[in-house]
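Chains as they are written, first to last, in my numbering: chain A, 10 to 164; chain B, 10 to 164. Don't be surprised by glycine CBs; every beta carbon is placed ideally from N, CA and C. The structure under discussion appears below in the form of structure tokens.
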DNA sequence: CGGCATCGTCAACCTCCTTGACGAGTTCGT
DNA sequence: ACGAACTCGTCAAGGAGGTTGACGATGCCG
């Protein structure tokens with residue numbers, strides 16, 4: 010690469026965002042490929058709501074807040090998952106505006122399969138990266154996430 | 010969270026993908042907010058092609074391959090950047106099917122501003138995370154990326 | 001020269017998320 | 001107790017960033 014100004018080279022060092030973005034995309038593509046092998050109609054974005062569900066019932070708005078996305082987006086996801094028979098929506102007895110979302114019996118069983126798949130992928134990566142680096146990466150990312158979240162609230 | 014099966018709890022540990030995805034989204038939102046402060050019509054995805062440009066000329070197909078996205082997607086990005094006056098497209102003298110893409114004079118100047126902005130964000134994060142952790146994170150992500158790329162080719 | 005690969009583009013589509021507006025229901029202030 | 005203000009979930013529209021498939025125009029190679 011001749012005759013490039015030196016400061017353009019610095020772009021390549023400013024590329025945390027790029028690495029982050031690309032890694033996220035590839036990871037998710039790998040995950041969805043695995044998941045759809047056992048559950049062809051599932052979509053990747055569904056998996057992100059699973060950790061926030063339980064058998065008692067949660068409000069969609071709470072899920073949205075915890076995920077950091079809009080409640081409309083959550084509504085769409087829950088609608089699809091309901092259609093797939095993974096979750097049920099019940100009226101919230103304590104607030105007639107609200108719903109409670111919880112696993113259906115069938116959903117709970119399906120989640121176990123999906124979980125095994127995701128753990129398989131994680132295990133595969135652990136084999137390649139080493140468990141130490143993988144958990145360090147997880148930890149560092151979590152810290153980065155916290156900083157970015159704090160920043161988003163102020164800025 | 011009462012009456013939750015223990016294996017659902019494991020979902021929360023299988024969440025590298027989630028942390029990754031969310032961190033990428035927040036980082037990029039932060040970046041685009043900064044960038045649009047000095048250049049309102051730029052889009053975040055443009056920045057990912059910048060490191061692959063030079064003043065001599067590169068072929069769109071090469072950029073696509075290096076970015077890991079389709080050449081159609083690159084074509085759209087380059088079209089927008091051309092309209093913004095950042096890059097120029099010239100016929101490739103050595104192959105009449107192909108084009109060469111390079112910085113315009115104005116583009117090179119604009120890139121310097123954008124670069125400063127991105128470096129500012131990186132510096133801000135460095136202040137919060139510490140340079141050691143940040144560069145470690147960068148390195149670990151790069152390794153993860155390499156593994157995922159290798160995996161995608163076989164898979 | 002004929003067959004095949006490659007370059008870049010058009011068109012259609014997908015995923016995932018956004019903002020804005022809204023009716024229905026709850027809570028707070030006075 | 002009653003209106004103002006907020007909150008719950010939904011509808012509609014749209015934006016960003018990709019994808020696949022098909023295509024004409026070249027280039028390369030036997």
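- Nearest CB-CB separation between residue 24 of chain A and chain B: below the 8 Å threshold.
- Identification of chain A residues near residue 52 of chain B by a Cβ-Cβ cut-off of 7 Å yields none; the smallest Cβ-Cβ distance measures about 14 Å.
- Straight-line spacing of the CA atoms in residue 55 of chain B and residue 86 of chain B works out to 6 Å.
- By the Cβ neighbour-count rule, residue 140 of chain A is exposed, with fewer than 16 other Cβ atoms within 10 Å of its own.
- In the three-state reduction of the DSSP assignment, residue 111 of chain B falls in the strand class, which pools E and B.
- Residue environment analysis places residue 81 of chain B among the exposed positions, since fewer than 16 neighbouring C-beta atoms fall within 10 angstroms of its C-beta.
- Across the structure, residue 105 of chain A and residue 70 of chain A are spaced so that their CA atoms are roughly 14 Å apart.
- For the C-beta of residue 27 of chain B, the chain A residues within less than 7 Å are, from N- to C-terminus, 57.
- The beta carbon of residue 141 of chain A does not come within 8 Å of any beta carbon belonging to chain B, so the residue lies off that interface.
- At a cut-off of 8 Å between beta-carbon atoms, residue 162 of chain B makes no contact with chain A.
- Separation of residue 123 of chain A and residue 143 of chain A (C-alpha to C-alpha, rounded to the nearest whole angstrom) is 21 Å.
- Residues 48 and 95 of the same chain have their beta carbon placed closer than 7 Å to that of residue 119 of chain A, with the five preceding and five following residues left out of the count.
- Under the Cβ distance rule, residue 154 of chain A counts among the residues neighbouring chain B, one pair being separated by less than 8 Å.
- Residue contact with chain A for residue 108 of chain B: absent (no Cβ-Cβ distance below 8 Å to any residue of chain A).
- Looking from the CA of residue 59 of chain B, the closest CA among B:76, B:24 and B:46 belongs to B:76.
- Taking C-beta atoms as the reference points, residue 29 of chain A and residue 40 of chain A fail to come closer than 8 Å.
- Among the CB atoms of chain B, none fall inside 8 Å of the CB of residue 48 of chain A.
- Proximity of chain A to residue 137 of chain B at the Cβ level (cut-off 7 Å) is accounted for by 156, in chain order.
- Around the C-beta of residue 132 of chain B, fewer than 16 other C-beta atoms lie within 10 Å, and the residue is accordingly described as exposed.
- In this structure, residue 115 of chain B lies away from residue 65 of chain B, with their beta-carbon atoms at least 8 Å apart.
- By the criterion of a C-beta distance shorter than 8 Å, residue 98 of chain A is surrounded in its chain by 87, 91, 108, 109 and 110, once the five residues flanking it on both sides are discounted.
- In the three-state reduction of the DSSP assignment, residue 106 of chain B falls in the coil class, being assigned neither a helical nor a strand state.
- DSSP places residue 98 of chain B in the uninterrupted beta strand (DSSP E) bounded by 96-100.
- Take residue 126 of chain A, set aside five residues on each side of it, and the residues of its chain with a beta-carbon closer than 7 Å to its own are 43, 44 and 47, in chain order.
- Put simply, the backbone Cα of residue 61 of chain A is about 27 Å away from that of residue 157 of chain B.
- Annotation for residue 49 of chain B: no alpha helix (DSSP H) segment contains it, and DSSP assigns it neither H nor E.
- Closer than 8 Å to the CB of residue 94 of chain B there is not a single CB belonging to chain A.
- When secondary structure is reduced to three states using DSSP, residue 65 of chain B falls in the coil class, being assigned neither helix nor strand.
- Spanning the alpha carbons of residue 146 of chain B and residue 163 of chain A requires a straight line of approximately 24 Å.
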